[in-house]
Each structure stands twice: as C-alpha cells, then as structure tokens.
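Here is the structure we will look at, set down as structure tokens.
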Amino acid sequence: MKKRLTVKERIRITKRGIGVLKQYCPGLAEGKAVSAGLAAVQPLVSVWLSAKIINELAGERRMKQLLFFVAAVVLTNFFVLLVKSIVDRVTEEKEAQMWNFFGKVFADKAMTMDYADLEDAKILQQKQAASENLFMFGNGLGQLVWGLNSLVNAAANIVLSLSLTITLFLSDTGSKVMDSPLWILGIGLCVVLGGLANSKATREENAIFEKWCNSTVWFNRAFIFFGHVLSMNPDRAKDVRIYKQNSAADRAFQKMKERDKEAGAYVLRMAAYPTLAAVVVGMGNVVCWVFVVLKACMGAFGVGSIVQYIGALGKLGTGVQDMMFVLADNEVYCGHLQGLFDYLDIPNHKYEGTLPVEKRAFCDGGDTEYEIEFCNVSFRYPGAEDYALHNLSLKFKIGERLAVVGKNGSGKTTFIKLLCRLYDPMEGEIRLNGVDIRKYDYDEYLSIFSVVFQDFKLFSFSLGQNVATAMEYDREKAEQCLRKAGLSERLKTMPNGVDTPLYKDFETEGVEISGGEAQKVALARALYKDAPFIVLDEPTAALDPIAEAEIYTKFNELVGEKTSIYISHRLSSCKFCDEIAVFDNGAVVQRGCHEDLMREKDGLYYELWTAQARYYEKVV
Ligand code: ADP
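Here the sequence shown stands for residues 859 to 1478, numbered as in the working numbering.
Structure below.
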C-alpha cells in the first residue's frame, strides 16, 4: 500500500507543482487566483449592500443613502465583472493551451533522459502512468490548476463571510438563551460538520475513482492504439488492410465496451457518498436559518440583515466545505504529482561528464590525433539475457576508414550505439584519446559524430531544415550536401527547392519521398553536420543498384578527411575501406584489409564473401 504523504511533503510537492506551472504556463496560476478571488467578492459584496438597502427601506428610507447603496451595488458589480471577464478570457486561453505545455514537460524530459532509459520497460510504465493520469483525467498538474482556483475561492469566501457574520453574534435580543456565546460554537459546529461530511465524501469518491483510473490504464492504451494508431496511421494502414488487422481492433473495442458496463457500478458507489454528505449539510442549514430568523423576530436586527446573515452563513458553509474539499483533493493530486516528479527526477548519467572535447582543425593541417579505443567492452540490453557485445576490443584512428561486417545480430549496430553513448558499456571502457568517453561533456562528445542509422527518421519540416536540422540554415551548403548525396535530379523537381516541405503532417503541399530518397536526405544531413567522425549503418540499404554504385564510387569524396565507420553486409562495398572488422556473436573475430582477410580461407569473412559472390554469380 502507498504511504500517506505528510503535510510537509504535500506543501513541498504543491510548491514544486506551482513552480512547474510558472515555468511552462506563466500567468495561468495567477490568473486563476485573481478570478477565484473576484468570484468570491462579487456575491458577498452584493449581499452586504442589498442588506443595507433593505434595512434602509424598512427603516428611515433616506433617499441619499438609498441612491448611494444602489450606485455602490451597480458599480462594484460592474467593475468586478469587467475585471473578472478580462482575466477569465486571458486565463481560459492559457488553460486551453496548458495541455500542450504539459506535453512539453514530458517532451523535455524525453529529450534529455538517457537513451537506454527510453527503452527500459519499468521507466516506460512510469512515464505512461504519469502521462495517462494527466492527459486522460487531469490528475496531478490539471488538478493543481483547478485546485488553486478552489483554494483561493474558498479562502476568500471564508474570510469575507466571517466578516459579514460577526454582528450576528454581537447583536442582542434580550434573551439569555438566544444571546448565549454557545451559539457561535453551535453554528460553527454545523458549518464544520457539513465541511467534514463533504471532505469525507470527496476522499471516498476519489479513492473509488483512482481505483477505476488505475484499472483502466490498459484499456486507455488499447483505445489509443486501436482507435488512433492502428486505424488512422497511414504507415500502418497497408498492413492493417492486407492482414485484416481490423478484427484485432474490433475485439479490443468489444472488450472496452464490456468494461463500460462495469463503469455503472463505480458511478453508483461514487454517487452514494456526496448524497450522504448533502443530508448532513442540509441539517446544518436548517439550524442556521432557525437561529437567524428567531433573532430577527426578537428584534436583534432588521429584515435586511437576515439576507446578509443567511447569505454569509451559506457562503461560509460552502467556503469551509470547499476548503476541506481542496485539502482532501490536494492529498490526491500531490500523490499524482509525486508520480510525475519521480519520473522527471530519473537521473541523467549521460550528463555527468564535464571534460571538453578538444576541437581539432581537420582540413587546415591541424593536429589529427583522435583515437577511439574499445577496451574489453561488454554490453547487454536492459532486460535481455544474452550479451549483444562481449569483451570487444577495437582501436581506430582519425582518417581511417573502418568497415564493420558480420551476420545479422552480430552486434554491429550495438557497437555504433555504444560509440555514440546511446548506451554505456556494462563492463570495459570506450576511450577517446585515452580518456573514458563518460568523462566528456555529453553534448560536446556527440558533436564529433555524424551518424546515419539504419532506422533513421526524417521530420515533417522542409527539405533544407531536415538536412541542416535547424530552422535557419545555409541554403547553399544544404543544396551542396544534397547533391553530394545523389539527390540533384530529385531536388530539381521539388516545387520549392530546399524550401519544399517533406510529408503532409503540417503542410498540404508537403512532398512524399521514397525510402531511397529519404536515405539520401539522411546522408546529406550527416554531411551537413560536417563532424570529424562519420558513421554509416547500412547507408545504401534502400538505394537502387545504380544509386548504390554512385555512392560507393564517390565515397572518398563524400567522407573526405573524416574518420568513417561503415557498416554493411554488402561485402563488395567494403573493399575501399582501409580496414575491415568482422563481427560475430558480439565480438571482433577478424581484422584486416580485404586481401588479407580473403587469404584466411577458414575465416568468417571468406565464408561470407564467397556466399555472397556465389549468389551474385547465380543471379547474373
Ligand atoms: P546487427 O546490427 O549486427 O544486426 P545488433 O547490434 O542490432 O546486430 O544486435 C545485436 C544483438 O542485440 C541481437 O541479438 C539483437 O537481437 C539484440 N538487440 C538489438 N537491439 C536490442 C534492443 N533494443 N533490446 C534488446 N536486444 C536488442
């Protein structure tokens, strides 16, 4: 069972929640507070002035006084409503936007967290629970926004209505019983009991609701997947149609419908508690009414004051009930906020390094002594039983062209992921110029790599923005990189050149490109970054044979002086590399140039080469 949060913890969590609101939605909390305060002021000021008018009418009927009170009611109402409606408009706008900014809270975390954590099932579950709670039910930050509104409104109601009730207890009827100070206690008790009943009802209602929310996590996920991703995502539509996956979606929807029936029982249980609370509040109201009317009948105050006291006591009651509701609710949303903060506080080990990476001039005859070394590196993916890399040792220097070959699953891509610090080794060390790469500033370290991953992704920005990965960029350089990557002809047919948007997510005139063209854009992106290390993981897998041959023949021109690591299972394409490392079962089993490796007739390279050559001979 979850531990109950202490008051101190709740204050700390609420303060941090307000901090998050201020950072991501500035002005929203303040707007809500001002609006809630004004909402409390307006009816109570009206009640107070109306009581004055009625008392004047029932008494001396002085025209000047009457006019003054009427003008005061009209003007205060006018100004309060005017200011409130302006504040409300601005705040509503911010509230409508807040969900996008809450999305940014998660996006910021995802962008900076360790890549390995993105795949960790436990962390994924933690994130999923926090985001579903927030976006489906408003739990946590959403409740905080609404809770702040209720808190200010309740506090203002309590303070203002108390100040309008004081004279109720000070006025004399001449009767010892009616003027007894015990009435303060009695009326106070009625108000507090009403509040307690409501607070208990809220707590019970919330507990039932939370149980319901937790039990629906799978269904919500299924709903999003089947209702949105599977049915509406064009990327999946081909497979869905061909393999008739809509029957799987229908089954999930059916299961969800059955779930809906269970919701009825939950709703009934939730409704029972507020009903009981309403009975307690109603009984308290009867006592207040009887007390006020009796005192008025006994001449303690005029008729107008009945309006004031009944109105103020009513508001005091709702103020106290709301305050208790707010406090009960605060415990619930602090629990959800804690869940969110636990996720946001997952430490980023990647950013612990501080060493700057020495910037060296590659093209201007600068010192080119960069050396990368894998020393007995072993790595297992989170949750996996087998090692993807085992005791791997490999060294390469700047300017070298290293080809990495091997069967599927031999660890080639994992080797690149570790090199780029997407994961850290479990054993052993990767060193840059003799220093463990974990000691370097992460962003600086990443800046020395241009990588084209096998499963690269382009984005729905313009072609040029995709190449430069920036909104503002050097157009000429982007065009040059696209041409180098073999996209000259396609670029000519793009309606707005490098300004042409890719894909149709945001722009109706967005252009769809083929897998091969996308791979060329990804290559151009790597060239634009112009980093000293260029890593290409199967960079020609989606290209046609002519485009592939074109890339190979100008590979030297493409990578220039850069150190390049080239992964391919098309062995003939590795011949131009200075060195070839042959991977098998997560380790380097052979190393050397093509000719040397071909001489080792019982080696894996020879086996792979001859298998491929035989296939090509047969085909040709
Ligand atoms: P290659 O690039 O040589 O085809 P990989 O480096 O992709 O091989 O994979 C090496 C091993 O690690 C394989 O057994 C593969 O199944 C496993 N593997 C790869 N990625 C993951 C992952 N994200 N989680 C768990 N295991 C993985």
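Ideal placement from N, C-alpha and C gives every residue a C-beta, glycine not left out.
This one's a predicted model, so the numbers in the text were calculated from it and none came from an experiment.
Given 8 Å, three or more beta-carbon pairs between the segment 1367-1384 and the segment 1287-1298: No: the two stretches stay apart, fewer than three of their Cβ pairs being nearer than 8 Å.
Ordered list of alpha helix (DSSP H) runs contained in the segment 911-939, each at least 4 residues: none
Would you check whether ligand 1 has a heavy atom nearer than 6 Å to the C-beta of Ser1268? Checking the Cβ of Ser1268 against ligand 1 gives yes.
Got a sec? Which residues, its chain only, sit under 7 Å from Val1138 by beta carbon, not counting five neighbours each side? Leu1051, Gly1052, Ala1055
For His1427, the three-state DSSP class (helix, strand or coil): coil
Could you give the distance in angstroms between the alpha-carbon of Asp1222 and the alpha-carbon of Phe1254? The pLDDT assigned to Asp1222 is 46, lower than 50, so where the model puts this residue is not dependable; a value taken from the coordinates is nonetheless given after this. For Asp1222 and Phe1254, the distance between alpha carbons rounds to 22 Å.
Please report the distance separating the alpha-carbon of Ser1021 from that of Ala930. 19 Å
Alpha helix (DSSP H) segments (min. 4 residues) lying fully within the segment 1087-1156: 1092-1100, 1104-1155
Between which two residues does the alpha helix (DSSP H) holding Cys1071 run? That run of the alpha helix (DSSP H) goes 1040-1073.
Ala1158 by DSSP, collapsed to three states: which one? coil
Anticipated Cβ contact below 8 Å, Ala1012 with Asp1180, distance rounded: 4 Å
For Asp1222, does the three-state DSSP call read helix, strand or coil? Any reading at Asp1222 needs caution, since the residue's pLDDT is 46, under 50, leaving its predicted position unreliable; the model's value is listed next. Looking at Asp1222 - three-state DSSP - the assignment turns out to be coil, as it is neither helix nor strand.
Below 6 Å, is the gap between the Cβ of Ala1242 and the nearest heavy atom of ligand 1? yes
Through-space distance from Trp1467 to Asp1460, alpha-carbon basis: 12 Å
In the segment 1279-1340, which residue ranges form an unbroken beta strand (DSSP E) of at least 3 residues, counting only runs that do not cross its ends? 1285-1290, 1307-1310
At the level of alpha carbons, what is the spacing between Val1356 and Val1310? Near 20 Å, if we compare the C-alpha coordinates of Val1310 and Val1356.
Look at the alpha carbon of Ile1423 and the alpha carbon of Asn1206, and state the distance between them as a whole number of angstroms. Roughly 28 Å separates the two Cα atoms.
Can you say whether Val1379 is buried or exposed, counting buried as having 16 or more other CB atoms within 10 angstroms of its CB? buried
Whether or not the segment 1154-1169 and the segment 974-987 are in contact is what I'm after, with contact meaning three or more pairs of Cβ atoms, one per stretch, closer than 8 Å; do they touch? Touching, no.
Which same chain residues end up closer than 8 Å to Gly1162 when comparing Cβ atoms and leaving out the 5 residues on each side of it in sequence? Ser908, Ala909, Lys910, Ile911, Ile912, Asn913, Glu914, Leu915, Ala916
Secondary structure, alpha helix (DSSP H): runs of 4+ residues fully inside the segment 1359-1420: 1373-1387, 1403-1411, 1413-1417
With 16 as the cutoff for other CB atoms within 10 Å, does Gly877 come out buried or exposed? exposed
Proximal residues to Glu1189 (C-beta, below 7 Å), its chain only, five neighbours per side dropped: Leu863, Arg868
Pairwise C-alpha distance: Gly998 and Trp906: Rounded to the nearest angstrom, the two C-alpha atoms are 37 Å apart.
Let me know the secondary structure DSSP gives Asn1249 once reduced to three states. strand
So, is Ser1308 buried or exposed, given that buried needs 16 or more other C-beta atoms within 10 angstroms? buried
Give the range of the alpha helix (DSSP H) segment to which Ala987 is assigned. Under the DSSP assignment, Ala987 falls in the alpha helix (DSSP H) whose first and last residues are 979-995.
Alpha carbons only, please: which of Ala1439, Asp1299, Met1456 is nearest the one belonging to Gln1448? Ala1439
Does the beta-carbon distance from Ile1425 to Lys1297 come in below 7 Å? no
When you compare the segment 1359-1368 with the segment 1311-1322, are there three or more beta-carbon pairs, one atom per stretch, that lie closer than 8 Å? yes
What separation, rounded to the nearest whole angstrom, lies between the Cα atoms of Val1479 and Glu1063? Because the chain is modelled from 859 through 1478, residue 1479 falls outside the range shown and cannot be assessed.
Quick one: what's Ser1422 bridged to in DSSP? Residue pairing for Ser1422: DSSP places it in a beta bridge opposite Arg1259, Ile1392.
So, at 7 Å on beta carbons, what are the nonlocal neighbours of Thr1176 in its own chain, with the 5 sequence-adjacent residues on each side left out? Asn1015
From the DSSP secondary-structure annotation, give me the bridge partner or partners of Cys1233. Looking at the DSSP assignment, Cys1233 forms a beta bridge with Glu1287.
Between which residues of its own chain and Ala1469 is the CB-CB distance below 6 Å, once the five residues before and five after are set aside? Excluding residues within five positions, none has a Cβ falling inside 6 Å.
By DSSP's criteria, Val1440 is part of a beta bridge. Which residues make up the other side? Val1263, Gln1448
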